[in-house]
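Peer 1:
Numbering (this note's numbering), first residue to last: 7 to 74.
1) Please look up how many angstroms separate the CB atoms of residue 64 and residue 42, rounded, as I've assumed it's under 8 Å.
2) Between the Cα of residue 27 and the Cα atoms of 60, 74, 47, which residue gives the shortest distance?
3) In this structure, does DSSP put residue 46 in helix, strand or coil?
4) Looking at residue 48: is its Cβ nearer than 8 Å to the Cβ of residue 70?
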């Protein structure tokens, strides 16, 4: 693995950070929403408001569920 990530190797550039959620990854977004009991739109809204940190998003999703 190229630690400087200068190459264009698609296998290296496809590495995902397990602590981040991406709105561009439809499957990842759908899974996060389902696991956390919220809609995909609510998940997108949380990411837009709070960023992509998984721990923060789980905490905020829990708050949303408690309000319903």
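Backbone N, C-alpha and C define an ideal beta-carbon position, used for all residues, glycine too. Keep in mind the model is a prediction, meaning the values are calculated, not measured.
Peer 2: On the basis of the supplied data:
1) 6 Å
2) 60
3) helix
4) yes
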